[in-house]
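Asker: In order, the protein sequence lines correspond to chains A and B. So the first sequence is numbered by our numbering: it starts at 1 and just counts up by one. So the second sequence is numbered by our numbering: it starts at 1 and just counts up by one. Each residue gets a CB set at the ideal place from its N, CA and C atoms; glycine is no exception. Model, not experiment: these values are computed from the prediction.
Protein chains: 2
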Amino acid sequence: MAGEGEFDFIARRLAPLTQGHTGAYGLKDDGAILAPPSGCSFAVTSDTLVEGVHFPGGEDPFKAGWKALAANVSDLVAMGAEPKLYVLNIVWPKGGFETRVERFVKGLAEAQAAFGMALVGGDTTSAEGPWTLSITAFGAVQGTRTPRRGGAKPGDVLLVSNFIGDPYLGLQQRLGLTLFNVPAHSSFVEQRFATPSPPVALFSKLHHYATAAIDVSDGLLADIGHILDASGLSATIDLSDLPLSAAALDWVSRQEDEMAARLSLATGGDDYEIVAAVPENFVRRFSSECAQIGVRITRLARLEAGSGLDVSFNATPVQTGALGFTHF
Amino acid sequence: MAGEGEFDFIARRLAPLTQGHTGAYGLKDDGAILAPPSGCSFAVTSDTLVEGVHFPGGEDPFKAGWKALAANVSDLVAMGAEPKLYVLNIVWPKGGFETRVERFVKGLAEAQAAFGMALVGGDTTSAEGPWTLSITAFGAVQGTRTPRRGGAKPGDVLLVSNFIGDPYLGLQQRLGLTLFNVPAHSSFVEQRFATPSPPVALFSKLHHYATAAIDVSDGLLADIGHILDASGLSATIDLSDLPLSAAALDWVSRQEDEMAARLSLATGGDDYEIVAAVPENFVRRFSSECAQIGVRITRLARLEAGSGLDVSFNATPVQTGALGFTHF
């Protein structure tokens with residue numbers, strides 16, 4: 001790290017991100033001391049993002065920093081945990097520190113403010129290789145019970161937060177496709193792709209009502225498959241039920257094969273929204289409480305005994321296998 | 001990861017490393033639930049090791065896995081924390097999974113058994129780049145007080161555990177030098193370099209007696225410098241007081257410039273031993289309790305008001321600056 005050494009980087013750039021959290025010791029020690037709030041446990045999750053794999057090569061470092069934190073936050077929310085603290089490990093590419101550091105730290109700072117988090121520790125090094133960001137994030141959970149992949153019961157209802165598919169469109173746009181005539185749609189899907197905002201406030205509703213939950217990172221259908229596999233249940237998702245933003249609806253309306261278009265949105269991934277299973281008799285209350293905190297909830301399916309995910313479109317079965325869609 | 005997919009790798013290879021820890025959920029979820037033992041906080045530390053930077057390219061993956069965990073364990077011990085749990089993030093080099101996975105997991109398994117730890121989560125991915133291992137480790141601390149770099153007081157005594165310098169000799173040997181006529185010495189320094197064993201049992205003694213502590217990773221003198229800087233104190237270290245193993249003593253005895261040889265041992269780093277400051281009136285009790293748990297303690301210096309580290313050899317000042325030794 002020419003120009004700005006490791007200690008300078010930590011003291012000048014990263015220490016302010018601790019927001020004075022006492023256990024972080026101003027990042028001057030080799031570790032931090034963390035105690036969950038009274039009556040709580042920590043939910044802990046960890047994601048590694050590699051430049052060129054998990055975000056595009058040459059990405060604005062602001063967006064890389066934001067996305068690295070968002071990817072962890074959405075896991076915490078799915079666990080019914082309030083995002084609190086994080087540890088950051090960085091491998092800088094040789095010669096790639098000076099060009100990235102300022103925008104990266106700005107992106108982290110804005111993301112942690114948006115998500116209510118503070119930095120408590122980590123490690124920074126450099127190597128001949130791609131820029132690599134590992135974050136381990138801590139959330140507070142009341143007691144020790146959390147919704148898990150495997151907790152859903154037959155009869156529970158599968159629900160999803162906000163909109164699905166915008167990040168897929170954002171990625172296609174990054175790859176050079178012109179998708180929209182409306183500039184606002186274009187910037188909306190870019191923002192949903194590059195600086196996703198998981199529905200943080202949802203954590204307490206999931207803690208109270210959800211029997212199972214997962215964040216949508218692999219793709220809506222794949223992540224529903226994870227819940228079904230772990231819970232030993234089956235479901236049918238109708239692609240006409242996908243909750244789509246105005247931008248996605250506009251795009252779908254101009255596609256020749258609407259079913260294929262919707263399947264792309266349901267499998268694209270990187271949504272960082274939440275799929276949850278909620279017992280039928282709580283669905284109305286859950287949805288209404290979510291609406292009050294600004295999170296839109298859409299009903300996708302009723303979970304049934306059996307195994308596997310079936311997909312339909314306007315009630316006609318879709319042969320997902322024939323589309324090379326073989327995850328489950 | 002050709003042949004063995006990510007899910008197989010996690011289920012077959014990594015899940016057994018959770019040792020059934022309930023909060024790990026068998027590594028089937030996106031996160032873990034952790035609560036410190038009653039009356040305790042978590043000490044949290046994190047280290048990233050990159051192949052070719054922090055361990056040699058082509059290293060036996062058993063040794064890489066061991067060392068990645070050991071590097072974190074020594075930070076926890078220095079914080080007076082009992083090592084408990086860890087989260088593991090791996091970036092495999094493209095095509096480098098099959099050749100590394102078996103020995104790597106074996107090294108992790110043996111290291112965690114030696115250190116009393118269990119795996120609770122993480123992330124695994126692959127990229128065009130060097131093999132990268134990030135570990136975030138959790139230790140249990142009674143209450144929230146820990147020895148820190150900045151806690152030492154004038155009059156406290158600076159002490160070090162076991163031996164210093166063997167890993168430096170292990171590295172020189174790796175670089176092709178023949179250092180020993182005695183094969184046992186050769187294998188001893190290799191083992192101290194490649195599979196270091198931090199003095200885990202020391203954690204409770206440090207918690208009770210130490211005002212400051214740090215693990216020796218940058219090099220004994222550099223890490224003492226960190227304590228002096230953070231505590232606002234000064235000290236003089238005499239190189240004749242270095243605690244040396246039989247192997248290191250044998251090597252030193254055959255060097256033309258004994259002072260330079262000892263300085264190399266005191267600055268080589270990667271020792272993963274502990275330097276601690278203990279009030280004078282507790283030093284005898286601390287040392288005797290450490291001896292009972294098999295940890296040898298050596299007195300290095302009395303901490304004084306002022307700033308900076310002076311180095312001497314047989315009571316004659318050493319001009320470390322002239323040796324290109326300018327860290328402090």
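#1: Just to confirm the assignment: which complete alpha helix (DSSP H) runs, minimum length 4, are found wholly within the stretch 143-183 of chain A?
#2: Please return the same chain residues whose Cβ sits closer than 6 Å to the Cβ of A:V311, not counting the five positions on each side in sequence.
#3: Against chain B, with Cβ distances strictly below 7 Å, would A:L257 count as a contact?
#4: Against B:V50, what residues of chain A qualify as contacts under a CB-to-CB distance less than 7 Å, listed in chain order?
#5: Within a Cβ cutoff of 6 Å, which residues of the same chain sit near B:S134, ignoring the five residues on either side of it in sequence?
#6: Identify every residue that forms a DSSP beta bridge with B:S234.
#7: Using 8 Å for Cβ pairs, my map puts A:W66 next to A:T267. What's the rounded Cβ distance?
#8: Starting from B:G65, trace the alpha helix (DSSP H) both ways and give me its first and last residue.
#9: Counting Cβ pairs, one atom from each stretch, are 3 or more of them under 8 Å apart for the stretch 96-113 of chain B and the stretch 141-150 of chain B?
#10: Which residues, in order along the stretch 13-28 of chain B, keep a beta-carbon less than 8 Å from a beta-carbon of chain A?
#11: With a threshold of 16 other CB atoms inside 10 Å of the CB of B:P37, please say whether the residue is buried or exposed.
#12: Which word fits B:Q112, buried or exposed, when buried means at least 16 other C-beta atoms lie within 10 angstroms of its C-beta?
#13: Using the C-alpha atoms, what's the distance from A:E51 back to A:D257?
#14: Does the stretch 203-221 of chain A come within contact of the stretch 69-79 of chain A, defined as at least 3 CB pairs closer than 8 Å?
#15: Give a yes or no on whether the minimum CB-CB distance between A:F9 and chain B is below 7 Å.
#16: Hey, how far is the Cα of A:S231 from the Cα of B:A276?
#17: Less than 7 Å between the beta carbons of B:I227 and B:A152, yes or no?
#18: Would you mind reading off the limits of the beta strand (DSSP E) that contains A:W92?
#19: Residues of the stretch 39-63 of chain B with a CB closer than 9 Å to any CB of chain A: list them in chain order, please.
#20: Report buried or exposed for B:E128, applying the criterion of at least 16 other Cβ atoms within 10 angstroms of its Cβ.
#21: Counting along the chain, where does the beta strand (DSSP E) carrying A:L49 start and finish?
#22: Closer than 7 Å by beta-carbon distance: list the chain B residues that pair up with A:M79, in chain order.
#23: Using only the alpha-carbon positions, how far apart do B:F328 and A:G5 sit?
#24: Write down every uninterrupted run of the beta strand (DSSP E) in the stretch 256-294 of chain B whose length is 3 residues or greater and which is fully enclosed by it, in chain order.
#25: Looking at chain B, is there any beta carbon in it that lies within less than 7 Å of the beta carbon of A:A35?
#26: Say whether chain B places a C-beta atom closer than 7 Å to the C-beta of A:R100.
#27: How about B:E273 and B:S161: are their beta carbons less than 7 Å apart?
#28: What do you reckon, are the CB atoms on B:S41 and A:A81 nearer than 7 Å?
#29: Are the beta-carbon atoms of A:V278 and A:V101 separated by less than 7 Å?
#30: Near B:G57, what residues of its chain come up, given a Cβ to Cβ distance below 7 Å and the 5 sequence neighbours on each side ignored?
#31: Please classify B:N281: is it buried, with 16 or more other beta-carbons within 10 angstroms of its beta-carbon, or exposed?
#32: Output needed for A:R262: all residues of its chain with C-beta closer than 6 Å, excluding positions within five of it in sequence on either side, in chain order.
#33: Can you find the residues in the same chain that come closer than 6 Å, C-beta to C-beta, to A:L323, ignoring five residues on each side of it along the sequence?
#34: Pull up the CB-CB distance for A:P83 and A:F55, whole angstroms please, since I reckon it's below 8 Å.
#35: Is the CB of B:P130 under 7 Å away from at least one CB in chain A?
#36: Determine the burial state of B:T332: buried for a count of at least 16 other Cβ atoms within 10 Å of its Cβ, exposed for fewer.
Answerer: Looking at the coordinates:
#1: Runs of the alpha helix (DSSP H) inside the stretch 143-183 of chain A: 166-174.
#2: Within the same chain, A:V311 has close Cβ partners I237, V318 and T320.
#3: Contrary to the premise, residue 257 of chain A reads as Asp rather than Leu in this sequence. Put simply, the CB of A:D257 is far from chain B, with every gap to its CB atoms at 7 Å or more.
#4: Neighbours of B:V50 on chain A, chain order: V91, T125 and A127.
#5: Setting aside the 5 residues that flank it on each side, B:S134 is surrounded in the same chain by T48 and N89, each with a C-beta closer than 6 Å to its C-beta; the list follows chain order.
#6: B:S234 is bridged to B:E304 and B:G308.
#7: That pair is no contact at about 24 Å.
#8: Unbroken alpha helix (DSSP H) run through B:G65: P61 to A78.
#9: Judged by Cβ distances under 8 Å, the stretch 96-113 of chain B makes no contact with the stretch 141-150 of chain B, as fewer than three pairs qualify.
#10: From the stretch 13-28 of chain B, only G23, Y25 and K28 have a Cβ closer than 8 Å to chain A.
#11: By the 10 Å Cβ count, B:P37 comes out exposed.
#12: Counting Cβ neighbours within 10 Å, B:Q112 comes out buried, since at least 16 surround it.
#13: Computed Cα separation, rounded: 33 Å.
#14: At 8 Å Cβ cutoff, the stretches touch.
#15: No, A:F9 lies away from the interface with chain B (no Cβ there is under 7 Å from its Cβ).
#16: Their Cα atoms are separated by approximately 50 Å.
#17: In this structure, B:A152 lies closer than 7 Å to B:I227 by Cβ.
#18: That run of the beta strand (DSSP E) goes E82 to P93.
#19: Residues C40, S41, F42, A43, V44, T45, S46, D47, T48, L49, V50, E51, G52, V53 and H54.
#20: Flag for B:E128 reads exposed.
#21: First-last of the beta strand (DSSP E) with A:L49: C40 to V50.
#22: Result: G31.
#23: Residue confidence for B:F328 is low, a pLDDT of 32 falling below 50, so the modelled location carries little weight and cannot support an answer.
#24: Inside the stretch 256-294 of chain B, DSSP marks whole beta strand (DSSP E) runs of 3 or more residues at positions 274-278, from first to last along the chain.
#25: Taking Cβ atoms only, chain B reaches closer than 7 Å to A:A35, which makes this a yes.
#26: So no, A:R100 is outside the interface.
#27: Result yes, Cβ atoms of B:E273 and B:S161 sit closer than 7 Å.
#28: Between B:S41 and A:A81, the gap from beta carbon to beta carbon reaches 7 Å or more.
#29: For A:V278 and A:V101, no; Cβs fall outside 7 Å.
#30: Once the five neighbours on either side are set aside, the close Cβ partners of B:G57 are E51.
#31: It is exposed - the Cβ of B:N281 has fewer than 16 other Cβ atoms within 10 Å.
#32: For A:R262, same chain residues with a beta-carbon under 6 Å away, outside a window of 5 residues either side, are L239 and L242 in chain order.
#33: Because A:L323 sits at a pLDDT of 42, beneath the cut-off of 50, its placement in the model cannot be relied upon, and the following sentence gives the value as read from the coordinates. No residues qualify anywhere along the chain.
#34: Cβ-Cβ separation between A:P83 and A:F55: approximately 20 Å, too far for a contact (criterion under 8 Å).
#35: So yes, B:P130 belongs to the interface.
#36: This structure does not reach residue 332 of chain B, given that chain B is present from 1 up to 328, and the question cannot be answered.
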